[in-house]
Amino acid sequence: MDEHELRQLFHGAYDRVQPLRDPFCRVRESSDQRRAQWGYAISGGLAALLAFFTLVALLLVRHGSSAPSAGTAYQPVTGATAPVVLSPLEVAQVANVVSERPTPRVAALSDQVALVSVGDSILRASDAGQTWRTVYPGRHDHAGNVRDLEWVTRDVAFAASNYGLLRSDDGGRSWRLVNARPDLRRLDFVSGSVGYVVAGTDAQGSDWHLLRTDDGGAAFTAYPVGLLPVTWVQWVSDTHAWAAGPQGVVATTDGGEHWQEQLTFGKGVFSDTQVGFVDAGHGFAYLRSADGQSAPTVYQTSDGGRHWRGVGAPDTRSGLKDDQLAVTGPSSAEIITRSEADGVVRCTLSGSAAGWKCLPQPLTAETGAREVARGPFRLLTALRGDQVVIAASSDAGTTWSTVEVDAAAWTRR
Amino acid sequence: MTLSEGLLERAKGGDRVAFEELFTPHATDAFRLAVAMLQRREDAEDAVQNAMLKAWRRLGTFRSGCDVRPWFLTIVANECRSLRRGRWWSVVRLADLYSDCASWRDSLPREMDLRRALAQLPADQRLLLVLHYYLDLPFAEVAAVVGGSPEAAKSRTFRVLRKLRLSSELIEAGAEVQS
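Quick note, the sequences are listed as chains A and B, same order. Under the working numbering, the first residue of the first sequence carries the number 1, and numbering increases by one thereafter. Under the working numbering, the first residue of the second sequence carries the number 1001, and numbering increases by one thereafter.
(1) So is B/S1004 in contact with chain A if we call contact Cβ pairs under 7 Å?
(2) CB-CB under 7 Å to B/K1154, same chain, minus the five flanking residues each way: which ones, in chain order?
(3) Find out if the Cβ-Cβ distance for the pair A/G217, A/V178 is shorter than 7 Å.
(4) Alpha carbon to alpha carbon, how far is A/V91 from A/W235?
(5) Can you list, in chain order, the residues of its chain whose CB lies under 8 Å from that of A/G248, leaving out five sequence neighbours each side?
(6) Report yes or no: is there a C-beta of chain B within less than 7 Å of the C-beta of A/D406?
(7) Name, going along the chain, the residues of the region 1039–1061 of chain B whose beta-carbon falls closer than 7 Å to a beta-carbon of chain A.
(8) Determine the extent of the alpha helix (DSSP H) in which A/L248 is found, giving its start and end residues.
(9) Going along the region 1116–1127 of chain B in order, which residues come within less than 9 Å of chain A, judged by CB to CB distance?
(10) Would you say A/P23 reaches chain B, if we count a Cβ-Cβ gap shorter than 7 Å as a contact?
(11) So the candidates are A/Q204, A/G200, A/A313; which of them puts its Cα closest to the Cα of A/L211?
(12) Using 6 Å as the cut-off, classify the Cβ of A/L166 as near or not near the heavy atoms of the ligand ATP, replying yes or no.
(13) Can you name, in chain order, every residue of its own chain whose Cβ lies under 8 Å from the Cβ of A/R374, other than the five neighbours on each side?
(14) Give me the chain C residues within the contact set of B/E1020, using Cβ-Cβ distance strictly less than 8 Å, ordered along the chain.
(15) Under the rule that 16 or more other beta-carbon atoms within 10 Å means buried, what is B/V1017, buried or exposed?
(16) Report all residues from its chain with a CB closer than 6 Å to the CB of A/T333; omit the five preceding and five following residues, and keep chain order.
(17) For B/E1079, I'd like the list of residues in its chain whose CB is within less than 6 Å of its CB, leaving aside the five on either flank, ordered along the chain.
(18) Would you tell me roughly how many angstroms separate the C-alpha atoms of A/A114 and A/D2, rounded to the nearest one?
(19) Would A/V156 and A/D120 be called neighbours here (beta carbons separated by less than 7 Å)?
(20) Since I believe A/V198 is in contact with A/S186 (beta carbons under 8 Å), could you give me their beta-carbon distance rounded to a whole number of angstroms?
(21) Between the alpha carbons of A/R288 and A/T252, how many angstroms are there, rounded?
(22) Just checking: is the beta-carbon of A/S401 within a distance shorter than 7 Å of some beta-carbon in chain B?
(23) At a Cβ cut of 8 Å, what residues of the region 1068–1083 of chain B count as close to chain A, listed as they run along the chain?
(24) Is there at least one Cβ from chain A nearer than 7 Å to B/F1158's Cβ?
(25) Just curious, the alpha helix (DSSP H) that B/V1035 is in, first and last residue?
(26) Can you list the residues of chain B that A/Y196 reaches, using a CB-CB cut of under 9 Å?
(27) Determine, using beta carbons only, whether B/L1007 comes closer than 7 Å to chain A.
(28) How would you list, in chain order, the residues of chain A whose beta-carbon sits under 9 Å from the beta-carbon of B/F1031?
(29) Let me know the secondary structure DSSP gives B/F1158 once reduced to three states.
(30) Identify the residues that DSSP records as bridge partners of A/S332: which are they?
(31) If we define contact as Cβ-Cβ less than 7 Å, is A/Y14 a contact residue for chain B?
(32) What runs of the beta strand (DSSP E), each 3 residues or longer, lie entirely inside the region 157–218 of chain A?
(33) Closer than 9 Å by beta-carbon distance: list the chain A residues that pair up with B/R1016, in chain order.
(34) Nearest to A/V388 by CA position, among A/T103, A/H11, A/Q324, A/V17, is which residue?
(35) For A/C358 and A/R346, I'd like the C-alpha separation in whole angstroms.
(36) State the Cα-Cα distance for the pair A/E150 and A/T231, rounded to the nearest angstrom.
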């Protein structure tokens, strides 16, 4: 392949992509918003004040004591979607939902647009996590809990809850139930129609397995990968994917035709394995111990998992609980954990030579915190009492701005 | 004052029409760069629209007299890197790249292998190839986007090209096509 041929290949590969539609639409939106803001400020000051007090009154009526705490940037429930209409079968299934401990989840489409769930309610922000609006108010009895949130495209997002799979087709602004399975745990949709889901009824994960859907989550079929239980799955291209569980890590390089063992662990040593890849070559595997006492282990690969090497594990004073792996670059990763002494702790690895560095974060929590990273943007969320605490950082976690949202009404415990 | 300098000054002063006029000629290159970096049309559109917004907001910091294109392509490349890092679960699918079925079914195996081989390169290496071999930027301009000297950009590009040639997928596919 010479240089001329490479040029031709590039043109052949990408020139047929449909042209860009409107590169300036966000510029226009931005300046229109600014102009509108000035217009409102000058001509509608009194009207805005009136609207504000009306809104506060409405909010108090709707939520009783669940009004946002003073000083928060949380916005009220205006525009929230109406409760989803269910078929009789779905109603019967949803009625039998077993209440589970609410866990916060977070997903980001960009460094501006993100979703946070707490209990079975979903919030959306479009300003880098500064103001949040309820886009899915949850069920009336709030026994549900969203276990995983995922953006697939700019328009499509999914949420796995303990009463089924929720789907949004308008960028997370409204949600509908597309499947009432109560056993969905983790999501890895590769498009709006094709997705892989970790499912299982045992909260501890002993029966978790993989399912695949080809119709956007309406129906699922078993998807064996030669590993059970499976607690994690990630596709990084149309050919390369990894699945992981307490017994090890398996991978495919041919679109799922064959799966091969990459790491094998002893029985009973680990309870959960998380994998995270930034591309088909670079990734991490994080193994958590079954008894909570043994040291966790982190492995790193730069050749798609053909070779893995241990890169130590974070050392926190009170041990790791409810921790989460977030891969932030080819050789950098973060583990978000919680210690009784320090609250939420964020451990970062920037190249294996540097080792793990752990720092307490400016939020305490009673559940495991969850983080999402997009370049230098970080969004961290945790539940503290009846408050969802959401911290946003635009400098990779050096400084944070924090928003608290009253979640008492959404978390039936 | 040249026409583009005049547009730049007006755009810096908040004239959106001047901004659009100044950046429209670069939108196509930006989109081609984003498509080759992200391999998904929708993401590429997202990256370019975000980059335009960032360019609009940061235009005040742009030094008059410099070339707008490398400055803007740097923003696009950073946006692609940021999108790609955040979306580490995303999947390269031909149907996501081409909107009509005929286009992706007609893709030659070699082109598909190029996309696969590119997907396996780290983003900074892929950027070098895309800038020089797809956008046809001279090494001086490649260096302005990725940083460093033109000589360094040139030698790094050739090293990555060598690596790409060695990619087993391309070699195997090449053998298949020839046979």
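A virtual CB, placed ideally from N, CA and C, is assigned to each residue, including glycine. Bear in mind that the values here come from a model prediction, so they are computed numbers and not experimental data.
Working from what's here:
(1) no
(2) F1139
(3) yes
(4) Confidence in A/V91 is poor, its pLDDT being 43 and thus under 50, which makes the residue's placement too unreliable to answer from.
(5) Contacts found: L227, E261, Q262, L263, T264, F265, T273.
(6) no
(7) R1041, E1042, E1045, D1046, V1048, Q1049, N1050, M1052, L1053, W1056
(8) With the sequence shown as reference, residue 248 of chain A is identified as Gly, and Leu is not the correct amino acid for it. A/G248 -> not in any alpha helix (DSSP H); beta strand (DSSP E) instead, spanning 248–252.
(9) R1116, L1118, A1119, Q1120, L1121, P1122, A1123
(10) Yes, A/P23 lies at the interface with chain B (some Cβ there is under 7 Å from its Cβ).
(11) A/G200
(12) Looking for the ligand ATP in the displayed structure turns up nothing, as the structure carries no ligands at all.
(13) A108, S110, D111
(14) This model lacks chain C altogether, as its protein chains are A and B.
(15) exposed
(16) Checking the sequence, you will find Ala at residue 333 of chain A rather than Thr. Only residues of its own chain outside the window of five on either side were considered, and among them F284, V327, L349 have a CB closer than 6 Å to the CB of A/A333, listed in chain order.
(17) Counting only Cβ-Cβ distances below 6 Å, and skipping sequence neighbours, we find A1047, N1050, A1051.
(18) Each residue's alpha carbon lies about 44 Å from the other.
(19) no
(20) Residue 186 of chain A is actually Arg in this sequence, not Ser. Right, their Cβ atoms sit about 4 Å apart.
(21) When rounded, the distance between both Cα atoms is 23 Å.
(22) no
(23) N1078, R1081, S1082, L1083
(24) no
(25) 1016–1038 is the span of the alpha helix (DSSP H), which, as asked, contains B/V1035.
(26) Within chain B, no residue comes near A/Y196; the closest Cβ sits about 10 Å away, beyond 9 Å.
(27) Not an interface residue.
(28) V17, P19, L20, P23
(29) Note: B/F1158 maps to helix in three-state DSSP.
(30) A/G329, A/S350
(31) yes
(32) Qualifying beta strand (DSSP E) stretches, in chain order: 157–161, 164–168, 176–179, 184–189, 195–199, 209–213.
(33) F24, V27, R28, S31
(34) A/T103
(35) 6 Å
(36) Rounded to the nearest whole angstrom, the C-alpha separation of A/E150 and A/T231 is 16 Å.
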